[in-house]
Amino acid sequence: MPEITLLGTGGMLPLKNRFLTSLYYEQNGQAILIDCGEGTQVAFAQHGLKLSRISAICLTHLHADHVTGLPGLLLSLGNTGRQEMLPIYCGTTTVMTIKHLLYVTGGLPFDVKIIPISEKKPQELHFTDIDPLLTVRTLPLSHQAPCLGYQIELGKKPEFLPDKAKALEVPVQFYRTLHSGEDVWLPDGRFIKASEVTGPPRQPLKVTYTTDTLPILAIADFAKDSDLFICEGMWGTEDRKDSMNEKKHMLMQDACRLAVKAKAKRLWLTHYSPAEKDPHVYEEELQMIYPGVNISKDGEHISL
Ligand SMILES: [Zn+2]
Ligand SMILES: [Zn+2]
Numbered sequence: 003m004p005e006i007t008l009l010g011t012g013g014m015l016p017l018k019n020r021f022l023t024s025l026y027y028e029q030n031g032q033a034i035l036i037d038c039g040e041g042t043q044v045a046f047a048q049h050g051l052k053l054s055r056i057s058a059i060c061l062t063h064l065h066a067d068h069v070t071g072l073p074g075l076l077l078s079l080g081n082t083g084r085q086e087m088l089p090i091y092c093g094t095t096t097v098m099t100i101k102h103l104l105y106v107t108g109g110l111p112f113d114v115k116i117i118p119i120s121e122k123k124p125q126e127l128h129f130t131d132i133d134p135l136l137t138v139r140t141l142p143l144s145h146q147a148p149c150l151g152y153q154i155e156l157g158k159k160p161e162f163l164p165d166k167a168k169a170l171e172v173p174v175q176f177y178r179t180l181h182s183g184e185d186v187w188l189p190d191g192r193f194i195k196a197s198e199v200t201g202p203p204r205q206p207l208k209v210t211y212t213t214d215t216l217p218i219l220a221i222a223d224f225a226k227d228s229d230l231f232i233c234e235g236m237w238g239t240e241d242r243k244d245s246m247n248e249k250k251h252m253l254m255q256d257a258c259r260l261a262v263k264a265k266a267k268r269l270w271l272t273h274y275s276p277a278e279k280d281p282h283v284y285e286e287e288l289q290m291i292y293p294g295v296n297i298s299k300d301g302e303h304i305s306l
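Numbering (this note's numbering), first residue to last: 3 to 306.
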C-alpha cells in the first residue's frame, strides 16, 4: 500500500516550523522523493522516515527551494552504506545545476545518474523495480524557470473472486497466477480465463504534484480524477493575484478551482509564502470553492 508524506509545505525558504515543499512516496519499502530543498533531510528525520529507502529522486526545477537540500541529503545517504546507483530525474535545464550540487559533495560512495527529462512535452517514466504497475508522468508547467509537474500512477489488479474460483473447482495453487491476469490450463484439462475469477478493471491510483506554476488549464487535465492532488497555493488573498501572475505562481483559490475542474478526490495545499503565517485562516473560504481542500501541514501523511 503506498504511503505518502508531505515532508514540508513551505516555499522560498525554510521556517522554524515549516520545511520546504517535498513529497515522499513509498511502496514495497522503496521510495521516490520529489524535490529536495534546504532541510529536506532534517524533515526525513523529524517524520521518522529512512533515507535508505530512496530509490529515485525527481526534481521539478532548478530554483533553490527545490534542489539545494541535495548535497546534504546525498552525503547522509552515503553514510547509510548505500552502494547502488541513484537516479535523479530532472528537466534538461536543471542538469547543470545538479552537476554543480554533486560537485560540492566532494564525491559519493555510490553513482548518481542524472536523467534529463524534456521540459517541452509530457514524458512517461517507469519504475518497474518498485512495481511493474508504477508509472510516473510529467507535465511541463508555466513558471519563471522551466518546471515539471509529476504524477505517480499505480495500476491496480482486478479484485480476485475466490467464490467464483471455488465454484469452478480451481485448485488453490492457481489463484495467484489467475489474479495476476494470466489464464491457466488445469491438470484436469480445463482452460480457465483470469477474467472468470476476477472482478472488473479498476481505476489506477493517481497522486499528482504540481508546484511553482501559473494555474494553467493543462494541470486540470493532468490531475483528472486524482486520488490526491498536491498543489501550490502561495497566498490566500485574491489581491495577490497580479503579483502571482508576475512571479508565475498561484493562489490557494486557484488550486481549489483546478481541483474542482480535475474532479480530484483530495487536495493538499502546499508551498505557502513564508509571509503566510497561518494559511488555516482561509479554510472556510477555500472550502466554499472545493470542499475536499486540506490546508496541509508538514508531515501530512496518507496511506492510499
Ligand atoms: Zn518554489
Ligand atoms: Zn520556483
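For each residue, glycine too, the CB sits at the ideal point set by N, CA and C.
Being a predicted model, the structure only gives us computed values, none of them experimental.
Return the residue from the list the options that minimises the CA-CA distance to residue i.
i: Tyr274; options: Asp67, Cys149, His303 and Asp133; result: Asp67
i: Pro16; options: Thr42, Ile34 and Glu5; result: Thr42
i: Lys18; options: Lys123, Gly10 and Asp214; result: Gly10
i: Cys258; options: Ser305, Glu234 and Leu306; result: Glu234
i: Thr82; options: Ile100, Tyr177 and Leu110; result: Leu110
i: Ala196; options: Tyr211, Tyr177 and Thr212; result: Tyr177
i: Leu309; options: Val174, Lys159, Leu163 and Ile119; result: The requested residue 309 does not occur in the structure, where the chain is confined to residues 3 to 306.
i: Ile291; options: Val283, Met254, Ala277 and His303; result: Met254
i: Ser305; options: Asn30, Leu271 and Gly12; result: Asn30
i: Thr200; options: His128, Phe162 and Ala277; result: Phe162
i: Gly80; options: Gly108, Met98, His102 and Lys101; result: Gly108
i: Met3; options: Met14, Gly12 and Ile132; result: Ile132
i: Pro148; options: Thr137, Phe193 and Thr99; result: Thr99
i: Asn296; options: Pro276, Ala277 and Lys267; result: Lys267
i: Gly12; options: Ala45, Ile6 and Ile34; result: Ala45
i: Ala220; options: Ile34, Pro124 and Val138; result: Pro124
i: Phe129; options: Ile34, Thr212 and Ser78; result: Ile34
According to the Cβ coordinates, are residue i and residue j closer than 8 Å?
i: Ser57; j: Gln32; result: yes
i: Leu51; j: Tyr91; result: no
i: Thr210; j: Ser228; result: yes
i: His63; j: Thr94; result: no
i: Lys208; j: Glu155; result: yes
i: Leu143; j: Ile194; result: no
i: Asp214; j: His145; result: yes
i: Thr272; j: Thr70; result: no
i: Met14; j: Pro276; result: yes
In whole angstroms, give me the CA-to-CA distance for residue i and residue j.
i: Ile117; j: Leu170; result: 49 Å
i: Thr239; j: Asp256; result: 11 Å
i: Lys168; j: Gln205; result: 26 Å
i: Lys166; j: Leu216; result: 51 Å
i: Glu126; j: Asp190; result: 43 Å
i: Leu8; j: Gly301; result: 5 Å
i: Cys38; j: Lys279; result: 22 Å
i: Glu184; j: Tyr105; result: 48 Å
i: Lys265; j: Ile36; result: 23 Å
i: Leu269; j: Ala261; result: 7 Å
i: Trp187; j: Pro134; result: 25 Å
i: Leu75; j: Glu198; result: 49 Å
i: Cys60; j: Ser298; result: 21 Å
i: Asn247; j: Lys159; result: 42 Å
i: Leu72; j: Asp113; result: 14 Å
i: Leu88; j: Lys115; result: 6 Å
i: Lys122; j: Thr140; result: 10 Å
i: Glu28; j: Pro281; result: 27 Å
i: Pro293; j: Trp237; result: 18 Å
i: Lys263; j: Phe231; result: 12 Å
i: Tyr284; j: Gln153; result: 27 Å
i: His251; j: Phe21; result: 19 Å
i: Gln85; j: Gln48; result: 25 Å
i: Arg242; j: Asp223; result: 25 Å
i: Leu249; j: Glu5; result: Rather than Leu, the amino acid found at residue 249 in this sequence is Lys. C-alpha separation (whole angstroms): 33 Å.
i: Pro164; j: Ala225; result: 34 Å
i: Gly157; j: Arg192; result: 30 Å
i: Gln289; j: Pro173; result: 52 Å
Just to confirm, does residue i get its C-beta within under 7 Å of one of the non-hydrogen atoms of ligand 2?
i: Ala257; result: no
i: His303; result: no
i: His128; result: no
i: His282; result: no
i: Gln146; result: yes
i: His181; result: no
i: His102; result: no
i: His49; result: no
Does any residue of chain E bring its CB to less than 8 Å from the CB of residue i?
i: Ser144; result: Absence of chain E from the displayed structure is noted, only one protein chain being present.
Please list, in chain order, all residues with a C-beta atom less than 6 Å from at least one heavy atom of ligand 1. Gly13, His65, Asp67, His68, Asp214 and His273
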